[in-house]
């Protein structure tokens with residue numbers, strides 16, 4: 001990112017130009033984190049990889065929150081995993097690969113290390129990069145699949161999941177589009193994720209996992 005500094009005589013927040021993402025993807029971090037100071041330097045026509053493969057409910061926004069049922073489990077490590085979300089994640093990744101997206105264009109991000117550990121082998125077999133939320137900063141990929149994993153939040157005890165810095169990192173790694181896999185009812189219980197879901201709902205970008213197959217364009 002490069003900062004476009006304002007005149008020294010004008011007391012306004014500097015604009016920040018990003019050349020990473022499809023312009024419509026910048027609306028969310030602009031709303032949640034940057035206070036409207038984020039400016040897109042990329043053209044929409046340059047970031048159409050996912051829009052050309054997937055029939056997004058909002059045809060100009062390559063972003064989707066997928067509401068995935070299935071209760072998360074806490075391992076002996078005290079970290080969390082969710083087998084249903086993992087299965088949906090692998091289904092999306094396999095569909096993308098089958099439609100010509102290269103493995104090196106995709107990144108899967110896990111909020112929890114136990115989910116990362118359990119996904120490591122199948123994701124490695126696909127040749128796709130797998131990262132945790134705390135190791136992905138500074139990285140970028142054409143397509144990102146984010147697993148929030150946990151369900152049944154206590155709003156008072158969701159500091160890790162609802163950390164705004166982590167959330168912003170997770171939502172700003174993709175160039176062409178992003179899938180967020182989560183349990184919508186649970187995520188609505190925590191402040192920053194509720195903001196994400198409000199924005200996604202306004203843009204018709206929330207669907208149940210059972211609807212995913214009908215949105216992939218025919219080969």
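In UniProt numbering, the protein residues as written are 1 to 219. Virtual Cβ for every residue (Gly too), placed ideally from N, Cα, C.
Assuming residue i and residue j make a contact with CB atoms under 8 Å, what is their CB distance in whole Å?
i           : j           : result
residue 183 : residue 151 : 4 Å
residue 83  : residue 70  : 7 Å
residue 31  : residue 199 : 6 Å
Per DSSP, residue i forms a beta bridge with which residues?
i           : result
residue 110 : 132, 147
residue 18  : 40
residue 203 : Per DSSP, none; premise fails for residue 203.
residue 66  : 181, 207
residue 174 : 141
residue 73  : 81
Helix, strand or coil: which one does DSSP assign to residue i?
i           : result
residue 218 : coil
residue 54  : strand
residue 104 : helix
residue 60  : coil
residue 212 : helix
residue 88  : helix
Take residue i and list the residues in its own chain whose beta-carbon comes closer than 7 Å to its own, dropping the five residues that flank it on each side.
i           : result
residue 123 : 108, 130
residue 202 : none
Might you give, ordered along the chain, the residues of its own chain that have their beta carbon closer than 8 Å to the beta carbon of residue i, omitting 5 neighbours on each side?
i           : result
residue 94  : 126
residue 193 : 148, 161, 162, 167, 182, 187
residue 43  : 23
residue 133 : 109, 110, 111, 166, 169, 170
Short of 6 Å in beta carbon distance, which residues of its chain neighbour residue i, apart from the five on each side in sequence? Order them along the chain.
i           : result
residue 258 : Outside the displayed range of the chain (1 to 219) lies residue 258, so it cannot be described from this structure.
residue 51  : 62
residue 58  : 203, 204, 205
Counting contacts by CB-CB distance shorter than 7 Å, is residue i in contact with chain C?
i           : result
residue 133 : Although the question refers to chain C, the structure presented lacks it and comprises just one protein chain.
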